[in-house]
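**Student:** Would you mind keeping the following structure in view while I ask a few things?
Protein chains: 2
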Amino acid sequence: MSSKAKRRYAGVDIGGTKLHCVIGDDEGRVIARARKKTKPGLGFEGVIARVCELVRDTSSEADVPLGKLAGLGCGAPSPILPDGTAVNAPNLGWKNVPIAAALKKELGLSVRVANDCDAGTYGEFAHGVARGKKSVVGLFMGTGLGGGLVIDGKVQSGGNGIAAEVGHMVVMVDGRRCGCGHRGCLEAYASKTGMARYLACQVHCEGRKTLLTELCEGDYSRLRSSVLQKAYEQNDEVAVEILNGAARYLGIGAGNLITLLAPDMVFLGGGVMEAMGETLLPLVQAGAKEVVFPAASFEHSKIVLGTLEDDAVALGALALALG
Amino acid sequence: MSSKAKRRYAGVDIGGTKLHCVIGDDEGRVIARARKKTKPGLGFEGVIARVCELVRDTSSEADVPLGKLAGLGCGAPSPILPDGTAVNAPNLGWKNVPIAAALKKELGLSVRVANDCDAGTYGEFAHGVARGKKSVVGLFMGTGLGGGLVIDGKVQSGGNGIAAEVGHMVVMVDGRRCGCGHRGCLEAYASKTGMARYLACQVHCEGRKTLLTELCEGDYSRLRSSVLQKAYEQNDEVAVEILNGAARYLGIGAGNLITLLAPDMVFLGGGVMEAMGETLLPLVQAGAKEVVFPAASFEHSKIVLGTLEDDAVALGALALALG
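Protein sequence lines correspond, in order, to chains E and A.
For what it's worth, the working numbering labels the leading residue of the first sequence as 269, then goes sequentially.
For what it's worth, the working numbering labels the leading residue of the second sequence as 269, then goes sequentially.
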């Protein structure tokens with residue numbers, strides 16, 4: 269093993285709720301991991317201080333002095349400019365904040381920042397289910413519907429660095445209103461936010477009864493994956509309709525990306541898939557099969573579940589820090 | 269000028285109706301061009317013989333002996349395998365025919381074959397309106413809705429070489445039936461075939477009156493761009509509705525590609541746009557603006573008209589032959 273192979277890196281996933289850090293090596297082996305609440309209420313500088321604490325604690329746990337780390341990669345829920353500035357992270361309340369510069373100043377490490385979905389896709393590409401593939405699409409169904417594109421081994425985030433917004437591909441012209449203000453976006457159908465709105469409409473406008481009302485304590489905006497899963501497993505008619513519908517639409521979105529790009533693999537991640545992946549995967553595949561053209565591309569681009577789960581973003585950020 | 273810059277190449281666009289050949293140099297300057305009917309009824313070998321005649325005639329016209337040509341590029345309306353085999357060209361009645369091998373045997377030239385929409389996109393990228401850009405999307409609205417993707421200077425036709433089927437991206441789940449058998453494909457809304465079906469439905473199912481009935485002599489399947497243009501210019505209500513609708517959908521398709529890829533430019537070509545581009549362009553731009561997310565990507569990815577028109581495929585094929 270060369271000396272290069274012994275280098276250690278840190279990867280951090282800066283989420284709206286929690287921070288997740290891994291210390292790993294060139295090959296994506298995890299030596300230590302730790303997490304911490306994000307506390308976005310502390311503001312940008314407060315959160316950066318917490319990220320630094322977490323990186324210090326995790327590297328200490330891994331017995332790697334901070335100064336021996338060869339680099340730090342971060343994923344954050346925002347479009348990211350090439351200099352590591354986060355343009356707009358609504359979940360964190362951040363606009364135009366210099367993540368890379370702030371972390372570099374504090375930790376003295378070389379820092380690379382990427383969009384969290386780009387990092388998560390690169391993580392599965394470099395070290396997870398898509399290892400060895402050339403072109404990969406990742407779709408993350410959670411609160412929203414995020415995604416990442418790796419083509420010929422490179423993260424593609426558009427000529428302006430802020431594209432790959434797969435959740436805002438329109439699949440139903442003049443359809444459901446999306447959180448972005450447009451109509452018919454994939455995210456309005458295949459995300460917890462989209463499902464919650466549909467659920468509220470079924471109860472309030474259509475007068476339907478569902479276990480979800482009790483399980484959510486009437487606040488549909490807080491629909492959690494565990495709650496959806498519970499009602500689905502009890503065969504609640506509305507829950508089954510909502511989840512099957514979301515899975516079909518996720519499949520149609522995946523299918524469109526296959527028709528356009530025929531990647532070597534499409535993998536599914538995010539909170540809803542982590543909770544119910546085995547159940548929903550066949551429905552997603554069926555949705556894609558409905559629409560992929562030509563059919564040979566459906567055979568080429570297998571749709572599978574991601575395997576890195578919570579580590580995907582941090583490992584991808586780490587792998588990008590190597591690049 | 270180096271001796272390399274004096275090399276001459278041929279490019280051929282093998283269309284369902286006509287063959288179009290150009291002789292040009294490394295920089296895409298056209299020295300001679302000529303065309304000939306395709307006569308697909310002659311079968312694969314008959315058409316290949318006509319392509320060879322056309323290349324000989326055009327190179328003679330250009331005063332370049334065939335043996336001095338440095339290569340031949342061809343665009344054909346089919347998925348193309350890396351060895352230059354056309355998988356399926358319904359307009360020519362071809363399945364799994366070795367275009368590159370047949371032309372090489374006959375002409376003794378190095379031959380490169382590409383999908384016609386890929387070649388057309390590469391043509392505008394190398395020598396037309398998108399010259400100097402890195403990433404470009406081409407959309408061709410004619411009988412069908414074809415497209416090509418160039419990312420970081422490379423034609424992207426998927427991990428299997430047969431993707432980039434932009435006309436079969438679903439924009440209306442459970443929507444209009446498409447010629448491919450699926451529902452809601454962009455091509456079912458934004459192509460002459462899609463417009464002709466909608467027109468027939470308006471007349472036969474809705475009982476509407478339109479100048480198009482007389483202009484098509486009742487056979488809507490033969491709807492031509494010139495006929496659409498004539499009725500549109502006379503303010504025929506149905507023609508205006510059909511064309512404005514097709515332009516809006518083309519814009520939504522372009523918008524989805526911008527949301528996903530944020531290319532440095534999107535250009536529009538194909539028969540309908542060649543006939544009515546100036547009129548339809550603002551409607552296409554408005555359709556894209558409705559859907560692109562984030563809005564900054566709409567600003568980044570300008571939507572324009574292609575400039576090479578009939579030469580795009582042949583010049584792109586020529587440029588690919590250089591590569």
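Each residue gets a CB set at the ideal place from its N, CA and C atoms; glycine is no exception.
Within the 9 Å Cβ cut-off, does THR527/E reach chain A?
**Tutor:** yes
**Student:** Quick one: Cα of ALA585/A to Cα of LYS372/E, how far?
**Tutor:** 48 Å
**Student:** Out of ALA458/E, TYR457/E, SER459/E, ASP442/E, point me to the one whose CA is closest to ARG451/E's CA.
**Tutor:** Of the listed residues, the one whose Cα sits closest to ARG451/E is ASP442/E.
**Student:** Could you check the C-alpha separation between CYS446/A and GLY429/A for me, to the nearest Å?
**Tutor:** 23 Å
**Student:** On the CB-based measure, 16 or more other CB atoms within 10 Å of its CB, does SER493/A come out buried or exposed?
**Tutor:** buried
**Student:** Given a limit of 9 Å on CB to CB distance, which residues of the stretch 432-446 of chain A reach chain E?
**Tutor:** ALA432, GLU433, VAL434, GLY435, HIS436, MET437, VAL438, VAL439, MET440, VAL441, ASP442, GLY443, CYS446
**Student:** In the DSSP assignment, find the alpha helix (DSSP H) that holds TYR277/A and state where it starts and stops.
**Tutor:** Counting along the chain, TYR277/A falls outside any alpha helix (DSSP H), though it belongs to the beta strand (DSSP E) covering 276-282.
**Student:** Are there three or more Cβ pairs, one per stretch, closer than 8 Å when the stretch 396-414 of chain A is compared with the stretch 537-556 of chain E?
**Tutor:** no
**Student:** Using only the alpha-carbon positions, how far apart do ALA587/A and GLY449/A sit?
**Tutor:** Going from the Cα of ALA587/A to the Cα of GLY449/A covers about 35 Å.
**Student:** Check whether the Cβ of ALA398/A lies closer than 9 Å to any Cβ atom in chain E.
**Tutor:** no
**Student:** Going by the DSSP bridge assignment, what does LEU417/E pair with across the sheet?
**Tutor:** Answer by DSSP bridge pairing, in chain order: VAL405/E.
**Student:** Between the Cα of ALA387/A and the Cα atoms of PRO345/A, LEU322/A, ARG297/A, which residue gives the shortest distance?
**Tutor:** PRO345/A
**Student:** Determine the direct distance from the alpha carbon of ASP351/A to that of LYS272/A, and round the result to whole angstroms.
**Tutor:** With a pLDDT of only 49 at LYS272/A, under the threshold of 50, the placement of this residue in the model should not be trusted; the figure read from the coordinates follows. Rounded to whole angstroms, LYS272/A to ASP351/A spans 26 Å at the Cα level.
**Student:** Please list the residues of the stretch 369-388 of chain A that have a C-beta atom closer than 7 Å to any C-beta atom in chain E, keeping them in chain order.
**Tutor:** Result list empty, no residue passes.
**Student:** Can you have a look at ILE282/E and say buried or exposed, based on whether 16 or more other CB atoms are within 10 angstroms of its CB?
**Tutor:** buried
**Student:** Within the same chain, show all residues whose beta-carbon is closer than 8 Å to that of GLY314/E, passing over the 5 residues directly before and after it, in chain order.
**Tutor:** Excluding sequence neighbours, GLY314/E sits near LYS307.
**Student:** Distance check for ALA382/A and ASP384/E, CA to CA, integer angstroms please.
**Tutor:** 36 Å
**Student:** At a Cβ threshold of 9 Å, is GLY412/A touching chain E?
**Tutor:** No, GLY412/A does not count as interfacial toward chain E.
**Student:** Run through DSSP, which three-state label would ASN524/A get?
**Tutor:** helix
**Student:** Could you give the distance in angstroms between the alpha-carbon of ILE571/E and the alpha-carbon of GLU329/A?
**Tutor:** Rounded to the nearest whole angstrom, the C-alpha separation of ILE571/E and GLU329/A is 53 Å.
**Student:** Curious, which full-length beta strand (DSSP E) runs of at least 3 residues does the stretch 522-576 of chain E contain?
**Tutor:** List check, beta strand (DSSP E) in window: 533-537, 570-573.
**Student:** Does DSSP classify ALA431/A as helix, strand or coil?
**Tutor:** Of the three classes helix, strand and coil, the one that applies to ALA431/A here is coil, per DSSP.
**Student:** Candidates VAL323/A, ARG303/A, ALA354/A, LEU360/A: which alpha carbon is nearest GLY309/A's?
**Tutor:** LEU360/A
**Student:** Using only alpha-carbon positions, find the residue among THR285/A, VAL323/A, GLY414/A that is nearest to ALA302/A.
**Tutor:** Nearest in C-alpha terms to ALA302/A, of all of THR285/A, VAL323/A, GLY414/A, is VAL323/A.
**Student:** Say whether chain E places a C-beta atom closer than 9 Å to the C-beta of TYR517/A.
**Tutor:** yes
**Student:** Under 6 Å Cβ to Cβ from HIS568/E, same chain only, skipping five residues before and after it: list those, please.
**Tutor:** ALA530
**Student:** Mind listing the chain E neighbours of GLY426/A? Cutoff is C-beta to C-beta under 7 Å, in chain order.
**Tutor:** LEU529, ALA530, SER565
**Student:** Buried or exposed for GLY591/E, going by 16 or more other Cβ atoms inside 10 Å?
**Tutor:** exposed
**Student:** From this set, ALA564/E, THR527/E, PRO333/E, which residue's C-alpha is nearest HIS436/A's C-alpha?
**Tutor:** THR527/E
**Student:** Just the Cα atoms here: how many angstroms apart are GLY284/E and GLY343/E?
**Tutor:** GLY284/E and GLY343/E have their C-alpha atoms spaced approximately 11 Å apart.
**Student:** Do the CB positions of GLY555/E and GLY519/E come within less than 9 Å of each other?
**Tutor:** yes
**Student:** What does DSSP give as the partner residues of LYS305/E in its beta bridges?
**Tutor:** LYS286/E
**Student:** Comparing alpha-carbon positions, which option in TYR390/A, ARG490/A, LEU548/A lies nearest LYS460/A?
**Tutor:** Out of TYR390/A, ARG490/A, LEU548/A, ARG490/A has the C-alpha closest to the C-alpha of LYS460/A.
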